[in-house]
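Engineer: All residue numbers for the sequence shown refer to the working numbering, where the first residue is 1114 and numbers rise by one.
Ideal Cβ positions, reconstructed from N, Cα and C, are used throughout, including at glycine.
Being a predicted model, the structure only gives us computed values, none of them experimental.
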Amino acid sequence: MGKFRRNFKIIKFAAVVIKSQIEKEKKTIEIMIQMYCRKLHNPENQICQSCLVLYEYAEKRLENCQFGENKPTCKNCHIHCYKPDMREEIRKVMRYAGP
Ligand SMILES: [Zn+2]
């Protein structure tokens, strides 16, 4: 029983770590797309429609990331889970706004 409880705690902790890592990447992508869009597309709102689509796509890829717990940052990931046209778009964003 004691052992079970300890494992449970570890699992809970791991879940928090995964979530924050993914949340952090989402935030980073959001900021990069905003910078890129504001400069190149002059949106009326925060970002234009096509950049919004890109952001929502990136968000979904992050949520479905097959690495889960061991997720590397997308920049360093060699499993390219984006479909080709979206990959091209996100590349442009990263080239412009990436660290
Ligand atoms: Zn845009």
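Are the region 1170-1177 and the region 1188-1204 in contact at 8 Å, needing three or more beta carbon pairs?
Structural biologist: Touching, yes.
Engineer: Which stretch, first to last residue, makes up the alpha helix (DSSP H) that contains Glu-1176?
Structural biologist: By 1-based counting over the sequence shown, the position of residue 1176 is 63. Here the alpha helix (DSSP H) through Glu-1176 covers 1162-1176.
Engineer: State yes or no: is the C-beta of Ile-1146 within less than 8 Å of the C-beta of Ile-1160?
Structural biologist: Counting from one through the sequence shown, the residue named residue 1146 turns up at place 33. Counting from one through the sequence shown, the residue named residue 1160 turns up at place 47. Yes. Within cutoff.
Engineer: Using DSSP with H/G/I as helix, E/B as strand and the rest coil, what is Phe-1180?
Structural biologist: In the sequence shown, the residue the question calls residue 1180 occupies position 67. Three-state result, Phe-1180: coil.
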